[in-house]
Structures are given as structure tokens and as C-alpha cells.
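Worksheet: the structure to be examined is printed underneath.
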Amino acid sequence: MTVPNLGTGERNESSTPPPNFISTIIDEDLQSGKHKTVITRFPPEPNGYLHIGHAKSICINFGLASAYNGRCHLRFDDTNPTKEETEYVETIKESVRWLGFDWGEHLYYASDYFEQLYHWAEELIQKGKAYVDDLTADQIREYRGTLTEPGKESPYRQRSTEENLDLFRRMRAGEFPDGSRVLRAKIDMASPNMNLRDPVMYRILHATHPHTGDDWNIYPMYDYAHGQSDSIEGITHSICTLEFEDHRPLYEWFIEQLGIYRPQQIEFARLNLTYSVMSKRKLLELVKEGNVSGWDDPRMPTLVGMRRRGYTPESIRNFCERIGVGRNDSWIDMSILEESVREDLNERAPRVMGVLRPLRLVIDNYPEQMTEEFDAANHPNKPEMGSRKVPFSRVVYIEKDDFMEEPAKGYFRLAPGREVRLRYAYIVQCVGVVKDENTGEVVEVHCTYDPETRGGSTPDGRKIKGTIHWVSARHSIQAEVRLYDRLFTVPNPGGDRNGPDWKSCLNPASIERIGSCRMEPCLASAEPESRYQFERQGYFYVDPSDSSPGAPVFNRTVTLRDSWAKSGG
RNA sequence: UGGGGCGUCGCCAAGCGGUAAGGCACCGGAUUUUGAUUCCGGCACUCCCAGGUUCGAUCCCUGGCGCCCCAGCCA
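Numbering (the working numbering), first residue to last: 839 to 1407.
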């Protein structure tokens, strides 16, 4: 596996995924001599953006190729020019690269094989295995039968080879209007497998294709193109999701009729993530209807969205490794994804102090003009990450949550009469509050500090239970922070047949923008795409699109674990 | 009611006839100037159910039950 350094601070990493049922099959194939090398492929349709579900497939395909020193092709399944666009091709390539994979020279398009596919179609006609059907789409549907009743044969099924060939060539030549005829495989209209009831191979589409331009007036169906594309590329293990299992007999039928190399298809269960939706259709709908700001909205499970949220490629790869590969329909708990980023970011994100919801704290006995600088570690467990100076003065901001006039049971932050440690600075004791005359809300807290506790130490050995973060009012900078939460309020949006529609499960609190946050001064120069841990808050990513020099915008990637909040605090 | 799959801890997931790995979640407890991290410890006498084969079955057989997918000129 090649993990290119894209200059975003990503680590290099090489790992072999744990064994699973697919690698077991590959082991057997290698041992039996059926294959000498492993060639897989990731075959996206360029009609949308890649999401975390695709990441699973990418990790499986590229991961296997790398583990066995084989290779993985990137092939765009561009068989439907009415739905696909070139803009998606570049974004998809970039996402695969960002995830850390490299297809080398092996970039392909199904459209590269259109001519070959066409010749094979003529071959099938010649063998009496395919025919041109004049039935309308509706009629074809009627003739197909149902799950429990066999279909009936089209009246055009017995056309002569000559007529079929003539018609098919004229379809290619553009003599007929869209939808007027199709080429069908002649298999079995009574097959219990619907895919074998004379499936459509070609449809007439007078559309301009991103790659082949106006060369074609007919386009192959995915089912006719996919298997042969794999065959052409010499794919040894064609890995796809479960819903294509029923199509395998069809792919193999084409391969057999044509007498060409047969790749082995292996199906696995697609990824479902709780509190999320994964279908392209639904994601597109969210984008189009403005429920999110775009494909790269940090709440989207798209790779571009997750990237903007602050997820690292490593964390996503690690996630894919953790969830495993199997054939059970499963719903992966969001916490596994979250824990994957935390694990990564905990190691690499420098710590910093930022106050999201500022509350003024005045230290009555601290000299008005005085300023001190305290040394703050960039990482508590990694001295090699160094430290920085944080300015301190008489007025600081603390988090609103870190003060309670009437402290709840078990609360050990600041409250009237109580002591708390201002991280790296001093122990302070609350001696009074100032309230808003009208609302009664505490707008300012007054404290005294203990000069003996400089740096936050307690020379007398007294135990201070609470340590809170702060920022000097005079020295801090203002910044915007965006707090993101799960996009849906229920684990399986729309999954309950009798429950609410998936879109009514959207979480209204999935984003909260706070423009009045106060941060320690070093953050004025925070680089776009860099990551920090705001102590006691979570991990944040400097938004590359909305930040400007000196005015960073921080996206919360994920919160820190919070056993106090969890316990009901 | 046709065909194809799947059923091991709350969520994933190993296991492939010899007596239930691991991760996430959860619950303790230690360390901690992040209620973070780290660290220890706990967490399925049981593998959808019922029969059968076997000295022995989560793994084999039979019969149930439950869930998912398939009736696009989408992929």
C-alpha cells in the first residue's frame, strides 16, 4: 500500500488487515495454484460522491491487493451517460488518493471496452443468444412476470439472426429513437432468478458520453458490462456487495457463452452506520434540498464531508479494519467511528485552550496591569511535542459550564466559595458573582488567587479536584467554532416501517455555530487543515474553506469522552 | 407463496467436531494540573428454536422461526 504524504500531516502507515472470509478464499486460491497473483478492483459509478460505505469497499479491495502484493484497479463504471458526469471522476479519484490508496497505472473506464462489448454482443446474436426486442419498457415489465409467476416470451424473441444483426447495427447507427428497442439476452423467461429472464443488454440512448462523446447511440447495461470488464482486466477476485449475488449467474452466463476468462465474484455485506444514511439517492436529496450545505458538509458521511469534519484517512482506514468484513446485514455503531478518530487524534493533535461559551472571571487580588506567561505542554504524554507560552492576566474567560451558582451533586468545578485550578496558572477561589439585573444570569465571576500555587501546583499538598481551561481576556482572540453532532436523531432513520419518514428524523441540533469563542493567541496563526484538541472539549479541524488568515474557523470533529456529561452531569 | 442470502454478548466479529478470540459499548478500580489519555479488572456454562448423528456439535443432518435482497431500457 502506498500512503502518499499529501502535506496534511498524515502519518505513513503500513498494515495488513486481519484475516476474513475473503482473504481465506484468496489463501486457498493461491495455495491451490488457481491464481498466482491477486488483482482486485474498485468500480465506482461517476454519478456522486464517495461515502464511508465506499471506503469500506476501497479498504477491502486495495487492502487485499496490497496484502498479497497484487494490484487494485480503479475503474469507473460509466455505462449510463444520462446520469454520469466528469466532475465526479476527479472528486472520486481525489478521495481514493486522500484515503491513502494508489491505483498506479491502472485507471480504467468501462467505456474503454464499449467496442469490445459491442462485438461480443454481435457474437451472442450470431449464436442465437441475444435478440432485439421491440416491446416497450412497460410491456417488458409485464412480460417479465412476478417473483412467483414465470414471465412470458416476447413475440420478437424468435427473430432471425440476420434480422437481429441488422436491427442491432441500425440501433448503433442511431436509426431508432430512444427507448424504441433493446437488445436482450435470450436466457429463460421462467427462471426463478429474475435476472435471468432475458435481461436487457443494450438500450438506445442518444446521449453524449463524457468519455466517448457522440460515438455511441446505444449503451450497455451495467449487468452486461461489468462481468466482461472484470474479465478483460484479468480481475482474480471481483468483490462486491451482497445485492449482486443474484446477478452472479448472469455474469457467469455471459462469460461462458463468450468463452472468456471468468473472475471469481465474492460478495460482502455493505456498511450501515447508525444515525446516518448511506444511499446516494438520500445523500443527493439532502444536498439538493439544502438540509446540508453540500456534499462536503461536515455532517455528511461522504469522504469529502468527513475530511472537512477533520477525520483523518488513518482513522477511516482503522475504522474499516475494526468493523471487519462479513456477510451479515449489520448496523455499525457510530461510537466505533468516533472512537477511531479519537484514538488517532489523541496521539497527534496538539492541545490548546479555547473557551466556547465565555464567562468573565475577574481575579480581584491580581494586579490590574500584570501579565504572566505560563508554560503549557502541547501534549501531556508527549514531551517531545514541546510546549508554548500562554499569557495570563487579571480578567480571564472560562467556560460557562464550569461555573454553577448552585452546584449539582458531584460537580467539582467552580461555585461560590469553591476552589478550582486554572490549568497551568493558579488555584482560584470564587468570592462573588455579578448578575444581569434583568435576567438574573451570572455574567461575571469574582475570584481571588493563591500566589503560592503558581503554575497550578499545590505546595501545601492540598487536593484540587477540578481543573478548568481559560483564556486571558486581553490576549485572547475571537474565533468561530462549529459544533457538529449526528445528522439524525434515531439510529436507523426511516428504518421503522410504521415510524416517521427518514427526513423527519433529521437532527435540528446537528450543527451549532458559535461566533464568540475566545482562544489562546497562538491560534491566530492556526493553519487551515490543522488539527487541535481543545482541552476538555474535543478535537477540532481548521476549516479550509471558511478560515482566513488570522481568523480561523474550527470544526469540531468529535468530542472528548465525557463521563461527567454521560452520568447526567 | 418463487429464487438468493443471513442468524455467535447491547453493536460489530473470530471460530470450520474437542468443550466460546478481539474491538466498540457498558460497569468497577488505580494513576492523572484535560471528569481526557493510560492502566488493571468485570462483562455469552452459551452460539435463533426444536429434534437427530456423535464419546463429544456454535460447527454435521432434519424441521421450524426470524431478518435482508431480487419484478430499472439504474448501478
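Each residue gets a CB set at the ideal place from its N, CA and C atoms; glycine is no exception.
Taking the C-alpha atoms as reference points, what is the distance between residue i and residue j?
{"i": "Glu1152", "j": "Asp1134", "result": "19 Å"}
{"i": "Arg1022", "j": "Asn1002", "result": "10 Å"}
{"i": "Glu866", "j": "Thr1112", "result": "35 Å"}
{"i": "Thr917", "j": "Thr1074", "result": "22 Å"}
{"i": "Glu1293", "j": "Asp1213", "result": "In the sequence as presented, Glu is not what sits at residue 1293; that position holds Gly. Each residue's alpha carbon lies about 8 Å from the other."}
{"i": "Cys1158", "j": "Ile930", "result": "18 Å"}
{"i": "Leu1088", "j": "Leu1034", "result": "6 Å"}
{"i": "Met1144", "j": "Ile963", "result": "48 Å"}
{"i": "Ile863", "j": "Lys874", "result": "13 Å"}
{"i": "Glu1358", "j": "Gly1224", "result": "17 Å"}
{"i": "Val1319", "j": "Ile1161", "result": "31 Å"}
{"i": "Thr1296", "j": "Val1266", "result": "12 Å"}
{"i": "Ile1056", "j": "Phe1106", "result": "32 Å"}
{"i": "Ile1174", "j": "Lys872", "result": "37 Å"}
{"i": "Ser1067", "j": "Gly1337", "result": "42 Å"}
{"i": "Tyr906", "j": "Ile1070", "result": "21 Å"}
{"i": "Pro1346", "j": "Val1125", "result": "16 Å"}
{"i": "Val1309", "j": "Arg1232", "result": "11 Å"}
Quick one: what does DSSP say residue i is sitting in, helix, strand or coil?
{"i": "Glu971", "result": "Note that residue 971 corresponds to Asp in the displayed sequence, not to Glu. In this structure, Asp971 counts as strand in the three-state DSSP scheme."}
{"i": "Pro1346", "result": "coil"}
{"i": "Met1039", "result": "strand"}
{"i": "Ala1311", "result": "coil"}
{"i": "Val1396", "result": "strand"}
{"i": "Phe1250", "result": "coil"}
{"i": "Arg1086", "result": "helix"}
{"i": "Gly1408", "result": "As shown, the chain starts at 839 and ends at 1407. That puts residue 1408 outside it, with no answer to give."}
{"i": "Ile890", "result": "helix"}
{"i": "Tyr947", "result": "strand"}
{"i": "Ser1386", "result": "strand"}
{"i": "Gly1294", "result": "helix"}
{"i": "Ser1368", "result": "coil"}
{"i": "Tyr980", "result": "Per the sequence shown, the amino acid found at residue 980 is Glu instead of Tyr. Note: Glu980 maps to helix in three-state DSSP."}
{"i": "Tyr1262", "result": "coil"}
{"i": "Ser1405", "result": "coil"}
{"i": "Lys1303", "result": "coil"}
Can you say whether residue i is buried or exposed, counting buried as having 16 or more other CB atoms within 10 angstroms of its CB?
{"i": "Leu985", "result": "exposed"}
{"i": "Met1191", "result": "buried"}
{"i": "Leu1080", "result": "exposed"}
{"i": "Asp1339", "result": "exposed"}
{"i": "Phe939", "result": "buried"}
{"i": "Met1208", "result": "exposed"}
Does the distance from the C-beta atom of residue i to that of residue j stay below 7 Å?
{"i": "Tyr956", "j": "Arg913", "result": "no"}
{"i": "Arg1226", "j": "Cys1343", "result": "no"}
{"i": "Arg1137", "j": "Tyr1322", "result": "yes"}
{"i": "Val1396", "j": "Val1115", "result": "no"}
{"i": "Arg1189", "j": "His1217", "result": "yes"}
{"i": "Ile877", "j": "Gly901", "result": "no"}
{"i": "Asp1016", "j": "Leu1043", "result": "yes"}
{"i": "Ile1170", "j": "Leu1197", "result": "no"}
{"i": "Tyr969", "j": "Arg997", "result": "yes"}
{"i": "Tyr1370", "j": "Ala1187", "result": "yes"}
{"i": "Ile1154", "j": "Ala893", "result": "yes"}
{"i": "Asp803", "j": "Thr1046", "result": "An answer regarding residue 803 cannot be provided, because it is not within the stretch 839 to 1407 covered by the chain."}
Inset, instruction - Could you tell me which uninterrupted beta strand (DSSP E) segments, each at least 3 residues in length, are contained entirely in the segment 1175-1238, listed from first to last along the chain? - result: 1196-1201, 1210-1215, 1225-1230, 1233-1237
Legend entry - Runs of alpha helix (DSSP H) wholly within the segment 989-1074 (minimum 4 residues, chain order): 999-1011, 1060-1071
Legend entry - Every unbroken alpha helix (DSSP H) inside the segment 871-942 [4 residues or more]: 890-905, 924-937
Inset, instruction - Jot down the residue ranges of each uninterrupted alpha helix (DSSP H) in the segment 1106-1173, minimum 4 residues, whole runs only, in chain order. - result: 1118-1126, 1141-1147, 1151-1161
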